[in-house]
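**Q** Chain order of the listed sequences is F and R.
Positions 315 to 782 (our numbering) are the ones given, in order, by the first sequence.
Positions 315 to 782 (our numbering) are the ones given, in order, by the second sequence.
Every residue gets a Cβ at the ideal spot worked out from N, C-alpha and C, and that includes glycine.
Source: prediction; values computed, not measured.
Handing you a structure now.
There are 2 protein chains.
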Amino acid sequence: MPLEWSGLSPDLLLVVDRDSGEPLRSQLERQVRDAIRTGRLQVGERLPSSRELARLLGLSRGLVQECYAQLQAEGYLVTRVGSATRVAAGAVVPSAPTPSPQAPPRLLADFRWGVPDLSGFPLADWLSATREAARTMPTAALDYGDPRGSAVLREVVAGYLRRVRAAAADPERIVICSGYAQGLGLTLRALAGAGVRTVAYEDPGSPATVSASAAAAGLSAVPVPVDERGIDVAALAATEARAVVVTPAHQWPTGVVLAPARRLALIEWARSRDAVVIEDDYDAEFRYDREPVGALQGLAADRVIALGTVSKSLAPALRIGWMLCPPALTDAIVEHKQINDRGSPTLDQLALARMIESGRFDRHLRRMRATYAARRTALVSALAEHAPEVRVSGLAAGFHAVAHLPGPVDEQDLVAAARSRSVGLYGMSPCRSSHATAPAQLVLGFGDVGERAVAAGIAAIGDLLRNR
Amino acid sequence: MPLEWSGLSPDLLLVVDRDSGEPLRSQLERQVRDAIRTGRLQVGERLPSSRELARLLGLSRGLVQECYAQLQAEGYLVTRVGSATRVAAGAVVPSAPTPSPQAPPRLLADFRWGVPDLSGFPLADWLSATREAARTMPTAALDYGDPRGSAVLREVVAGYLRRVRAAAADPERIVICSGYAQGLGLTLRALAGAGVRTVAYEDPGSPATVSASAAAAGLSAVPVPVDERGIDVAALAATEARAVVVTPAHQWPTGVVLAPARRLALIEWARSRDAVVIEDDYDAEFRYDREPVGALQGLAADRVIALGTVSKSLAPALRIGWMLCPPALTDAIVEHKQINDRGSPTLDQLALARMIESGRFDRHLRRMRATYAARRTALVSALAEHAPEVRVSGLAAGFHAVAHLPGPVDEQDLVAAARSRSVGLYGMSPCRSSHATAPAQLVLGFGDVGERAVAAGIAAIGDLLRNR
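Structural data, given as structure tokens:
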């Protein structure tokens with residue numbers, strides 16, 4: 315039966331319910347905390363003595379004292395010896411509404427690229443893997459660890475990449491990092507320390523990302539054109555670069571595969587120039603049409619550093635990736651990881667190891683491949699129906715495609731016009747080092763857009779994509 | 315009833331138990347996977363057709379096909395059209411034993427500093443907080459997020475630091491990072507971008523950490539002496555530095571508190587020199603003797619950047635920290651965080667927010683304060699009994715103390731002698747910029763050493779600590 319108490323402060327209302335199942339101390343703590351947070355109890359306000367409150371609520375005095383001590387520890391209350399317990403200065407948070415994290419604008423369809431199907435994330439699997447990992451980990455796993463990351467995860471990732479990516483993966487030379495961005499940053503810092511001054515990148519590609527990361531490492535970045543066989547290795551060789559960032563399995567964003575001759579030429583270039591190839595293996599998990607192309611790293615582990623991540627295969631918010639490091643760079647990369655953040659969070663790493671080991675990771679990937687294939691089909695059909703003049707390329711893998719628009723289009727106008735119809739479109743220009751808007755192309759991401767939304771989104775803007 | 319099958323390979327032994335509760339497909343998958351991992355099935359070995367295996371085990375053919383498809387996705391098997399299913403090349407991992415993560419040498423007592431009580435980590439609380447956070451988070455929380463970190467955690471941390479540390483905490487200017495090391499690194503990079511060339515640090519202090527982080531940011535680092543009132547601000551003013559790393563609440567490692575006049579002088583120095591104070595609030599949670607000293611940041615939010623972490627309050631392996639950034643540096647720090655790693659893992663952040671909001675975090679801290687106080691008492695008693703000539707200082711907070719040894723001692727010899735008696739001791743010299751071993755001092759960490767181990771450890775080496 316609830317008992318109410320309203321004492322010195324007319325607005326203080328404490329209700330203790332002995333039948334609720336919630337421990338009495340917890341009820342009391344929660345209610346006093348809420349009274350302070352919501353401003354019902356003001357800063358400086360005096361609380362009843364523990365003896366008084368205990369009597370009024372029919373609780374033991376020890377329980378009330380424990381409650382006050384806990385809230386004092388949390389900074390809500392202050393108690394001075396020989397004086398009353400009061401609401402602490404600074405206890406009341408200005409009543410800013412708790413912001414909802416990054417509520418995206420409500421769109422009919424948002425063809426933003428680089429985002430996987432977020433609602434498909436295997437949350438229950440991840441939570442059980444976390445629980446299982448926590449249950450079996452030694453206490454020492456809670457300490458600072460090897461900056462390379464958990465030995466358990468490195469072992470599991472090595473086995474996985476050997477099997478699935480034909481990589482030459484040695485757990486001793488794997489560094490677990492927080493994703494592609496950190497992997498690239500650590501690599502470029504290590505290269506800067508080894509005397510490299512210039513890093514090349516594919517064009518189109520990710521000019522902003524590579525340039526920012528290179529600048530932070532004190533390097534300059536130069537673009538090298540990509541054609542239908544991948545990066546132009548002859549053009550690369552004409553630059554000063556002694557490092558290059560490439561996406562051989564599925565070029566970002568064009569979707570072409572690096573041709574076999576080019577793969578060999580690239581490795582030959584690295585050998586003859588004492589250079590390093592940075593392989594961004596960003597969506598190797600999602601190839602539909604045939605066996606995935608093996609990692610370039612498997613061909614030349616001494617010259618290639620492969621970067622992988624779960625940002626596309628599971629979720630970006632996990633912030634887990636890995637680096638397969640060449641022997642000559644491993645120590646420097648590990649040192650930079652140590653300086654940078656002392657290693658990645660351990661429990662998350664152990665959870666990922668469980669996900670992979672138990673097969674839950676691959677089960678998820680298989681499900682996702684089917685999902686993305688269906689969305690791809692929906693996209694192709696919708697374009698064929700509503701904008702047949704648009705050619706689509708780069709569909710062999712992943713969850714984005716390039717749409718080639720007929721004739722000249724003002725990219726910015728098109729994007730704005732689509733947005734006014736609640737469709738998010740993204741042009742090719744930010745992927746080009748020149749930021750050129752011609753030839754007119756869109757990068758259509760369909761990772762986090764359901765089949766129906768794909769169809770509805772394209773239907774809504776089909777006329778904008780056709781030559782006007 | 316278990317059914318066995320041993321077919322083409324005499325060593326292949328598959329057992330399907332319909333009464334085990336484990337789904338049949340999962341049993342089959344697991345056993346084939348194990349057979350490959352342990353080498354019972356060799357690379358290239360042919361598996362029975364799905365039809366054949368299904369018949370032999372009394373399973374449906376679809377189930378066996380699903381099992382083969384899953385193991386193919388995991389890279390254990392290869393199936394070519396019109397050909398048999400075989401064990402894939404690269405499927406067998408070299409049988410390196412799974413290394414146990416960082417098994418520390420078995421010592422009677424290891425007075426390593428900087429490590430909290432790892433077995434006291436509230437794992438059950440952390441896992442429920444993770445589950446609760448996961449249950450209530452919006453799907454969008456799985457995406458890349460604000461590089462500053464989760465808005466929910468920033469709000470909670472701001473409220474907490476205002477209450478408990480009297481900090482001037484604005485969630486808009488909080489950046490969640492992966493701990494002190496990353497916080498320092500991002501700060502120094504932002505300062506380098508703002509034209510700062512030299513950063514000062516306390517001596518004794520953490521010369522190696524600050525110097526490495528400064529070097530990575532392109533800065534030089536200079537030591538400034540600490541006396542019994544904290545850092546010598548006049549000596550600081552005599553350097554070229556326009557930034558300084560300090561531990562005002564509990565100086566690392568001496569344990570002195572920055573005197574009130576020095577606090578004001580430090581802020582005055584920063585104002586007059588257009589400089590920044592980097593406040594490492596490393597163990598503010600663990601003060602025993604009286605109210606904790608408020609954060610310096612609360613006095614001058616425009617000049618002080620405060621760095622906090624859960625490495626001492628929860629566990630280093632979580633890799634979560636926060637930065638309270640001055641307005642002039644916030645944008646640059648956020649940009650560096652974005653380039654560095656795109657933000658910290660979201661689910662961990664939401665779990666920490668739950669821990670704090672629900673009071674579980676403070677409940678843990680209160681428990682730990684009692685634990686560390688008891689260990690401190692055990693240390694003081696053991697030293698009084700076994701080495702009364704040793705003076706102990708810096709005990710007002712945290713979980714380390716400085717032992718002042720009588721007369722000259724060879725630090726290296728002492729450490730080695732203690733180690734031969736299975737006691738881990740650590741000298742003061744690495745904390746000194748000069749690496750000087752005189753005056754003879756030890757930094758005794760008792761965070762992860764139980765009371766009995768403290769007593770036994772000191773008993774075992776008492777004679778080594780006394781003047782010989």
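#1: Quick one: residues in its chain with C-beta nearer than 7 Å to the C-beta of F/Ala472, no 5 flanking neighbours on either side, listed in chain order?
#2: Could you list which residues in chain F have their beta carbon closer than 9 Å to that of R/Phe435, in chain order?
#3: Please classify R/Pro591: does DSSP put it in a helix, a strand, or coil?
#4: Identify the contact partners of R/Gln496 in chain F, using a Cβ-Cβ distance below 9 Å as the criterion.
#5: Checking contacts by CB at 7 Å: is F/Glu593 closer than that to chain R?
#6: For the stretch 489–496 of chain R and the stretch 537–554 of chain R, state whether three or more C-beta atom pairs, one from each stretch, are separated by less than 8 Å.
#7: Which two residues bound the contiguous beta strand (DSSP E) that contains R/Gln345?
#8: Using a Cβ-Cβ cut-off of 7 Å, state whether R/Pro411 counts as contacting chain F.
#9: Using a cut-off of 7 Å between C-beta atoms, extract the partners of R/Leu661 located in chain F.
#10: Measuring only the C-alpha atoms, how far is R/Ile592 from R/Met637?
#11: Check whether chain R comes within 7 Å of F/Val429, counting only Cβ atoms and requiring the distance to be less than that.
#12: Got a sec: does the ligand SAH put a non-hydrogen atom nearer than 6 Å to the Cβ of F/Val392?
#13: For F/Arg677, which residues in chain R fall below 7 Å Cβ to Cβ?
#14: Okay, do the stretch 437–449 of chain R and the stretch 767–776 of chain R touch, 3+ Cβ pairs below 8 Å being the bar?
#15: Verify the CB distance criterion: does R/Glu359 have a CB-CB separation below 7 Å to chain F?
#16: Whole-angstrom Cβ separation of R/Ala563 and R/Val607, contact assumed at under 8 Å?
#17: Please determine if the stretch 552–561 of chain F and the stretch 578–591 of chain F are in contact, where contact requires at least 3 C-beta pairs separated by less than 8 Å.
#18: Residues of chain F with CB under 8 Å from R/Leu432, in chain order?
#19: In chain R, which residues lie with their C-beta within 8 Å of the C-beta of F/Leu441?
#20: Is F/Leu778 helix, strand or coil when you go by DSSP?
#21: For F/Tyr515, which option in F/Leu467, F/Cys491, F/Pro567 has the closest C-alpha, if you only look at C-alpha atoms?
#22: For F/Glu388, collect the residues of the same chain with a Cβ closer than 6 Å to its Cβ; drop the 5 residues on either side in sequence, then sort them by chain order.
#23: Under 7 Å, Cβ to Cβ, is there at least one residue of chain R near F/Val768?
#24: State the Cα-Cα distance for the pair R/Val466 and F/Arg420, rounded to the nearest angstrom.
#25: Can you grab the Cα-Cα spacing for the pair R/Ala403 / F/Arg477, in whole Å?
#26: Could you pull out every residue in the same chain whose Cβ sits closer than 6 Å to the Cβ of R/Tyr740, ignoring the five residues on either side in sequence?
#27: Thinking C-alpha only, which one of R/Ala398, R/Thr685, R/Pro722 is nearest R/Glu765?
#28: For F/Ala387, which residues in chain R fall below 7 Å Cβ to Cβ?
#29: Where F/Val357 and F/Ser748 are concerned, what is the direct C-alpha to C-alpha distance, given to the nearest angstrom?
#30: Strictly under 7 Å for the Cβ-Cβ distance: is R/Arg476 near chain F by that measure?
#31: Are the CB atoms of F/His718 and F/Gln663 nearer to each other than 7 Å?
#32: Counting only Cβ pairs nearer than 8 Å, list the residues of chain R close to F/Glu343.
#33: Under 7 Å, CB to CB, which of the residues in the stretch 518–531 of chain F have a partner in chain R?
#34: Quick one: is F/Ser734 buried, meaning 16 or more other Cβ sit within 10 Å of its Cβ, or exposed?
#35: At a CB-CB cut-off below 8 Å, which residues of chain F make contact with R/Gly404?
#36: Quick one: grab the DSSP three-state call for R/His749.
**A** According to the structure data:
#1: Ala483, Asp484, Pro485, Ile488
#2: Ordered by position in chain F, the residues that pass the 9 Å Cβ test against R/Phe435 are Thr453, Leu456.
#3: For the sequence presented, residue 591 of chain R should be read as Val rather than Pro. R/Val591 falls in the strand class under three-state DSSP.
#4: By Cβ distance, chain F contributes Asn654, Asp655, Arg656.
#5: no
#6: no
#7: Element bounds for R/Gln345: not the beta strand (DSSP E) but the alpha helix (DSSP H), 338–351.
#8: Confidence in R/Pro411 is poor, its pLDDT being 48 and thus under 50, which makes the residue's placement unreliable; the coordinate value appears in the next sentence. Taking Cβ atoms only, chain F never reaches closer than 7 Å to R/Pro411, which makes this a no.
#9: Ala631
#10: Approximately 10 Å between the Cα atoms of the pair.
#11: yes
#12: Questions concerning the ligand SAH fall outside what the structure shown contains, since it holds no ligand whatsoever.
#13: Gln384
#14: no
#15: no
#16: Sure, about 5 Å apart at Cβ, within 8 Å.
#17: yes
#18: Thr453, Ala454, Leu456, Asp457
#19: Thr444, Arg445, Ala448
#20: helix
#21: F/Pro567
#22: none
#23: Taking Cβ atoms only, chain R never reaches closer than 7 Å to F/Val768, which makes this a no.
#24: 21 Å
#25: 7 Å
#26: Val757
#27: Per the Cα distances, R/Thr685.
#28: Asp676, Leu679, Arg680
#29: Cα to Cα, the separation comes out at about 58 Å.
#30: yes
#31: No, these two residues do not count as a Cβ contact at 7 Å.
#32: Gly673
#33: Ala526, Ser527, Ala530
#34: A residue is called buried when at least 16 other Cβ atoms come within 10 angstroms of its Cβ; F/Ser734 does not meet this threshold and is exposed.
#35: Arg476, Arg477, Ala480
#36: coil
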